[in-house]
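For the sequence shown, the positions run -33 to -1, 1 to 294 when mature numbering (1 follows the signal peptide of the UniProt record, and there is no 0) is used.
Glycine included, every Cβ here is placed at the ideal spot set by N, Cα and C.
All remarks here apply to the structure that follows.
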Amino acid sequence: MSAGHRTKRSLLRTLFIGVVSLAIVAPASVAKADPTAAEIDAQIQKAGDELEDLVEAYNKINGDLATTQAAAAELQKKLQPYVDNMANANANVDVIAVAAFKGAGSLQNLSIVLNARSSDTLMDQLTTLQQIGKHQQHEIADFTSAKSKLDEEKKKIDETLAAETAQKTELETKKKKIEGDVKKLEALRRRSTTGGTGSTGVKVALGAECTSPANAAVAFACAQLGEPYKWGAAGPSSWDCSGLTMGAWKAAGVILPHNAAQQWSKTTHISRSALSPGDLAFFRGLGHVGIYIGNGKMIHAPTTGRNVEVQSIDGRSDTYGYGRPHK
């Protein structure tokens, strides 16, 4: 072996030992730094946004379920008369058939059943019997046809109910997981030496907007300041974002759905410059909504772990648009 070859092998062996040594020593000597308060807040905000998206989807599915359940109840009302009429028609056919089979010896009873006061002969009575029988059979056929259509409609409604119920269960499961993640993050933040505000965006002080509110919707929202965010809540002492705006506009006599995206569909869409107190501001792809109170500020229920607050609508990168509810 040449001297040059021995030198290369020695150098490679030295490098290999050095790498192995680093691999062994590095994990023990480099401690993982704790996240800063700002990093924890960012994680909480991200998890809170994910939770709020689920909450809005949950609110929508609850509304859909209520609509479907109401449709099922209304359909049942429509079905019941058909069920009753079919039972009566079948009973009448049975009575007539029994009377017919009794024969000539029971003409008096048959006459009572048929109410054939003008019939004098058995043939007249049998002809009347046949006519009544056909009429009853036609009734039964009509009832059966109509009920069959309603039964098909009921089948579709039942399938929709089953699908919506399954979706609601899935959303509840996801919500529990995210809430657990948020609790862990909040516990981590409490242990942080630098603390943290738990808030993002541009938070502003409460001004004159809530001491002399412009309308009933704004007045209602102002009265909820400081109350806690709670997923799926629409009062009276806790709120999610669309629950708060729904409650505010209900106080003004306008009914809105408990879902930000559906509220957007119920509003006249306006520009930022056209905003007036009471209008709604939408964010995060219709995942969040607040109520405008003037001077570039809104009141909103922000996210889990926080309370209803005043915040600027400007300086955000996730603004979706603005809407005015139909009065």
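Residue i and residue j look like a contact to me (Cβ under 8 angstroms); what is the Cβ gap, rounded to whole Å?
| i | j | result |
| --- | --- | --- |
| D148 | A4 | Actually they are not in contact, since the Cβ atoms of D148 and A4 sit about 18 angstroms apart, beyond 8 angstroms. |
| K233 | H293 | 7 angstroms |
| H267 | L211 | 7 angstroms |
| W198 | K142 | 7 angstroms |
| L128 | L42 | In fact, because the Cβ distance is near 11 angstroms, the residues do not count as touching under 8 angstroms. |
Could you pull out every residue in the same chain whose Cβ sits closer than 8 angstroms to the Cβ of residue i, ignoring the five residues on either side in sequence?
| i | result |
| --- | --- |
| F250 | V256, G257, R283, D285, T286 and Y287 |
| N182 | A219, P244 and G245 |
| Y289 | H236, I237, S238, R239, A241, L242, D246, L247, A248, F249 and Y259 |
| I28 | E131, Q134, K135 and L138 |
| D125 | A39 |
| G30 | P224, H225, N226 and Q229 |
| G263 | S279, I280 and D281 |
| A172 | Unreliable placement is indicated for A172, whose pLDDT of 49 sits below 50; the coordinate value is still reported in the next sentence. V277, listed in sequence order. |
| K44 | none |
| V(-4) | The pLDDT assigned to V(-4) is 46, lower than 50, so where the model puts this residue is not dependable; a value taken from the coordinates is nonetheless given after this. Excluding positions up to five away in sequence, the list is empty. |
| K123 | none |
| V140 | The residue you asked about is not Val; residue 140 is Thr in the sequence shown. Nothing meets the Cβ criterion. |
Name the residue from the options whose alpha carbon lies nearest to the alpha carbon of residue i.
| i | options | result |
| --- | --- | --- |
| Y25 | E137, K150, A184 and H293 | E137 |
| T270 | Q47, C208 and R239 | C208 |
| V22 | K44, Q36, K144 and E41 | K144 |
| K114 | K151, E19, L46 and I222 | L46 |
| R291 | V275, V221, E276 and Q278 | V221 |
| E19 | M265, D281 and Y196 | Y196 |
| R273 | K150, A186 and K121 | K150 |
| Q36 | F187, K121, T140 and A9 | K121 |
| A184 | A9, Q10, M265 and D51 | M265 |
Residues in its own chain within less than 6 angstroms of residue i by CB, not counting five upstream and five downstream?
| i | result |
| --- | --- |
| G214 | A201 and G202 |
| L253 | A227, A228, W231 and Y287 |
| S204 | E194 |
| L192 | V275 |
| P2 | none |
| A33 | none |
| E119 | none |
| D51 | none |
With DSSP as the reference, identify every bridge partner of residue i, one or two as the case may be.
| i | result |
| --- | --- |
| F249 | V256 and G288 |
| Q47 | Q47 is not bridged to any residue. |
| W206 | Y196 and A201 |
| G261 | K264 |
| V185 | None; V185 has no bridge partner. |
| S279 | K264 |
| I28 | Its beta-bridge partners do not exist; DSSP assigns none. |
| T234 | P292 |
| N274 | P195 |
Please return the same chain residues whose Cβ sits closer than 7 angstroms to the Cβ of residue i, not counting the five positions on each side in sequence.
| i | result |
| --- | --- |
| S112 | none |
| T48 | What sits at residue 48 in the sequence shown is Pro, not Thr. Around P48: no qualifying Cβ. |
| F187 | G214, A215 and A218 |
How about residue i: is its Cβ closer than 8 angstroms to a heavy atom in the ligand SAM?
| i | result |
| --- | --- |
| S205 | In the structure shown, the ligand SAM is absent, as is every other ligand, since no ligand is present at all. |
Using a Cβ-Cβ distance cut-off of 9 angstroms, determine whether residue i contacts chain C.
| i | result |
| --- | --- |
| T271 | Within the model displayed, chain C is absent; a lone protein chain is all it includes. |
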